[in-house]
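Engineer: First, the structure itself, so that you have it in front of you.
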Amino acid sequence: MVQLDHVSKIHTSGVAALTDVSLRVDRGEFVFIVGPTGSGKSTLLKLLYRAELPTHGRVLVYGRDVGRLRAGAVAGLRRTLGVVFQDFKLLPQRTALENVAFALRVIGTPSTEIRPRALQALERVGLMQRANAMPAELSGGEQQRVSIARALVNNPPLLLADEPTGNLDPDSSWEIIQLLSRITVRRTTVIVTTHNKTIVDMLRRRVVRLADGRVTRDEPRGLYAVTV
Amino acid sequence: MRSRSEGSPVVRRVGVQREAFAQFLREASMSFRRNGLMTAAAVTTVTVALLTVGMAVAGSLNLSHLATTLNAQVEIVAFVRDGTRPSDLTRIETAIAAEPGVGAVRFVGRGEALARLQRSLGESPAFADLTKHNPLPDSFEIRVGDAAQTADVAAAIQTVPGIHEVAYGAEVVDRLVALTRAMRIMALLLTVALAVVAVIVVTNTLRLTVIARWREIEIMELVGATRWFIRWPFLIEGVLQGLLAAAAAGSVLLAVYAVAAARLQGALPFLPILPAAGIALPLMAAVAVCGIAVGAAGSFVAVRRFLTT
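Protein chains in written order, with this note's numbering: chain V, 10 to 237; chain B, 41 to 349.
Structural data, given as structure tokens:
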């Protein structure tokens, strides 16, 4: 599903964000990427949705070398994966439903399909009854659900979440993580970056730890920190 | 390698649909109204640039019209050597007609030449003497196909045996040809310089629209909208600005030209000036094409910096 072969990323400023990272994530897996701020978590995700290109090594998504995609093919890649962010990235003047529908509309989905599919995605995240609420009327947790609905509306095989609980209180964080974790039931691969120790330790899923751009640990049912 | 065998989801290529296009048009006109003042500023600047383009086109059209008119009037006169036998005249005429670039050749006998001179100078007692001893030679009047070639054709005719001297309105023709060329080059340089300014102004105006919608652009990129899908509304907005400026510049130019041409024609009746109706179509076309090009280029530059892929 996702594979990194000896990937390094050196920013134009000369800072090495990732150094010789190799990683494989299989279909239906749920993976936490943990580590302190600046350890390269976000860069790793950006390589997967091709917001950045690797300096060395290969990044394979669905077996395709993402680093070698033509600029025109990037849109095609993005349609096959969902991305969720810490700041939700919702359009403030549009309702929850319109925000989800927007993702369908801008990729040329037939207009008759848009509304039912957007509603279905909201139902999946448990927000059907708030479909017509504006983002400002929603709690942080609810806003993040809208953004997850938007990421899932195309039924992508891969969902990437970059610090999805970074702006949320502990209760909402737990809800969002449980929601993301349930998505794998449908064989969707989910990769979540976080530095939230509590939720990582509660969920006990695969944990990949990054420190200074290197993988220092990769455990199948891991904890945030090393157990002594 | 389990992950490899799963294969990649089919990447769909989605073109711009008609309903999407209608949406683009709505978005473009909406931001047109929102950024009213900046849009007005941009349209005005482009209008000024297009005015110059239009003036260059009008001037250029008139110069080529003048050249064509003079072309038809410019003649080379080849004087036959004194004492040439009438039987040789046919041979000389054939030789002249065979030169490349020569249009029509007409023989003017010395008697006819004198009569013409008499007519143009008016009755004068001195002519009585001239009619007795006609000093004028036989000659040929030659029309040239292209005024720019007059000098070459004249030089060639000079070498025809039996021709004594060749004369033509050398300076007028040479200057006209040089003037036309110089004016075209200057008009082109000026147009390019103004076009660059116009593109910059349009870019700045559209950047406002782009910034106002950066979040939408960001999300569109993330969820896989194609770059063309993202560009369309801005492209339409830029082209609309260009067309508006073209309409303004074109109407102003035609109105001013109609008045100026009529006045000038009244003052200088011998000058061949094209009527406004004669230049309307090429002028409007040139201004519209330039307007569209400037608008499209401006929108392209404005969006480019916000497209990350």
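The beta carbon of each residue, even a glycine, is placed where N, CA and C say it ideally should be.
#1: Measuring alpha carbon to alpha carbon, tell me which of W254(B), Q281(B) and L110(B) ends up nearest C330(B).
#2: Buried or exposed: where does A170(V) fall if 16 or more other Cβ atoms within 10 Å of its Cβ makes it buried?
#3: Could you give the first and the last residue of the continuous alpha helix (DSSP H) run that contains G306(B)?
#4: Pick out the complete alpha helix (DSSP H) segments inside the segment 132-182 of chain B, 4 residues or longer, and give them in chain order.
#5: For the beta strand (DSSP E) holding Q12(V), just list the boundary residues, first then last.
#6: Closer than 8 Å by C-beta to V209(V): which residues in its own chain qualify, once you throw out the five before and the five after it? Chain order, please.
#7: Cα-Cα, which of S291(B), F180(B), E67(B) and L154(B) is closest to G143(B)?
#8: Between the beta-carbon of V30(V) and the beta-carbon of R191(V), is there less than 8 Å?
#9: Starting from K98(V), find everything on chain B with Cβ-Cβ shorter than 8 Å and list it in chain order.
#10: What alpha helix (DSSP H) runs, 4 residues minimum, are completely inside the segment 95-120 of chain V?
#11: Can you give me the Cβ contacts of L57(V) inside the same chain, cut-off strictly under 8 Å, excluding the 5 residues immediately before and after it?
#12: Going by CA-CA distance only, name the one from V341(B), V242(B), A218(B) and V327(B) that's closest to M95(B).
#13: If you measure from the beta carbon of P49(B) to each beta carbon in chain V, is any gap under 8 Å?
#14: Output the boundary residues of the beta strand (DSSP E) element that contains S31(V).
#15: How far does the alpha helix (DSSP H) with A195(B) in it extend, from its first residue to its last?
#16: Please decide whether V134(V) counts as near chain B, where near means a Cβ-Cβ distance under 8 Å.
#17: Buried or exposed: where does G85(V) fall if 16 or more other Cβ atoms within 10 Å of its Cβ makes it buried?
#18: Comparing C-alpha positions only, which one of V194(V), R214(V), L219(V) and V235(V) sits nearest to G37(V)?
#19: In its own chain, which residues sit with a C-beta less than 7 Å from the C-beta of M41(B), not counting the 5 before and 5 after it?
#20: Assuming A142(V) is part of the beta strand (DSSP E), what are its boundary residues?
#21: E205(B) and F119(B) - do their beta-carbons sit closer together than 8 Å?
#22: Please report the distance separating the alpha-carbon of R258(V) from that of L78(V).
#23: So, with DSSP's three-state summary, where would you put E61(V)?
#24: Could you please give the first and the last residue of the uninterrupted alpha helix (DSSP H) stretch that includes R196(V)?
#25: Specify the secondary structure class of G66(V) as computed by DSSP and reduced to three states.
#26: Do you know offhand how far E277(B)'s Cα is from L314(B)'s?
#27: Does the CB of A26(V) have a neighbour CB from chain B at under 8 Å?
#28: Under 7 Å Cβ-Cβ, which residues of chain V neighbour F269(B)?
#29: Against chain B, which members of the segment 38-62 of chain V pass a CB distance test of less than 8 Å?
#30: So with CB distances below 7 Å, who are the chain V contacts of T348(B)?
#31: Hey, out of L113(V), L136(V), K206(V) and E228(V), whose CA is closest to R87(V)'s CA?
#32: For G55(B), does the count of other Cβ atoms within 10 angstroms reach 16, so buried, or fall short, so exposed?
#33: Taking the alpha helix (DSSP H) that I313(B) falls in, what are its first and last residues?
#34: List the endpoints of the continuous alpha helix (DSSP H) containing L6(V).
#35: Just to make sure I have the definition right: I need the residues of chain B whose C-beta is within less than 8 Å of the C-beta of A112(V). Which are they?
#36: To the nearest angstrom, how far is it from the Cα of G150(V) to the Cα of R345(B)?
Structural biologist: Answer, in terms of the structure:
#1: For the set W254(B), Q281(B) and L110(B), the Cα lying nearest the Cα of C330(B) is the one of Q281(B).
#2: Buried, since its Cβ has 16 or more Cβ neighbours within 10 Å.
#3: Here the alpha helix (DSSP H) through G306(B) covers R267 to A307.
#4: Listed in chain order, they are 150-161 and 166-172.
#5: First-last of the beta strand (DSSP E) with Q12(V): V11 to I19.
#6: The beta carbon of V209(V) is closer than 8 Å to those of F41, V43, T203, V216, G231, L232 and Y233 in its chain, skipping five residues each way along the sequence.
#7: From the listed residues S291(B), F180(B), E67(B) and L154(B), the smallest Cα separation to G143(B) is found for F180(B).
#8: Not a contact, by the Cβ cut-off of 8 Å.
#9: The answer, in chain order, is R255, E258, I259 and L262.
#10: Within the segment 95-120 of chain V, the complete alpha helix (DSSP H) runs of at least 4 residues are 105-114.
#11: In the same chain as L57(V), and ignoring 5 residues on each side of it, the C-beta atoms closer than 8 Å to its own belong to V11, V68, V70, V75, L90, L167, L169 and I200, in chain order.
#12: Closest in alpha carbon position to M95(B), among V341(B), V242(B), A218(B) and V327(B), is V327(B).
#13: Because the pLDDT of P49(B) is 42, which lies under 50, any placement of that residue in the model is unreliable, and the number read from its coordinates should be weighed accordingly. Output row for P49(B): interface = yes.
#14: Judged by DSSP secondary structure, S31(V) falls within the beta strand (DSSP E) whose first and last residues are A25 to V34.
#15: Membership of A195(B) in the alpha helix (DSSP H) is indicated by the continuous run T190 to Q198.
#16: At a cut-off of 8 Å, the C-beta of V134(V) has no neighbouring C-beta in chain B.
#17: With 16 or more neighbouring CB atoms inside 10 Å of its own CB, G85(V) falls in the buried class.
#18: Nearest Cα to G37(V) within the set V194(V), R214(V), L219(V) and V235(V): V194(V).
#19: Because the pLDDT of M41(B) is 38, which lies under 50, any placement of that residue in the model is unreliable, and the number read from its coordinates should be weighed accordingly. Here the set comprises nothing.
#20: Premise fails: A142(V) is in no beta strand (DSSP E) and is neither H nor E.
#21: Taking a C-beta distance under 8 Å as the contact criterion, F119(B) and E205(B) qualify as a contact pair.
#22: The shown model of chain V, from 10 to 237, leaves out residue 258(V), and the question about it has no answer.
#23: Coil.
#24: No alpha helix (DSSP H) contains R196(V), which DSSP labels as neither H nor E.
#25: Residue state, collapsed to three classes: strand.
#26: The C-alpha of E277(B) lies about 35 Å from the C-alpha of L314(B).
#27: Under the Cβ criterion of 8 Å, A26(V) is not counted among the residues facing chain B.
#28: By Cβ distance, chain V contributes V115.
#29: Against chain B - using a Cβ distance shorter than 8 Å - the residues of the segment 38-62 of chain V are Y58, R59 and A60.
#30: What T348(B) touches in chain V: A60.
#31: Selected option, being the one with the closest Cα: L113(V).
#32: Residue confidence is low: G55(B) scores 48 on pLDDT, short of 50, so the model does not pin down where it sits. No coordinate-derived value is stated.
#33: In the DSSP assignment, I313(B) falls outside any alpha helix (DSSP H), carrying neither H nor E.
#34: Only positions 10 to 237 of chain V appear in this structure, which leaves residue 6(V) out of reach.
#35: Within chain B, I259 and V263 have C-beta atoms less than 8 Å from the C-beta of A112(V), given in sequence order.
#36: Just so you know, the alpha carbons of G150(V) and R345(B) end up roughly 33 Å apart.
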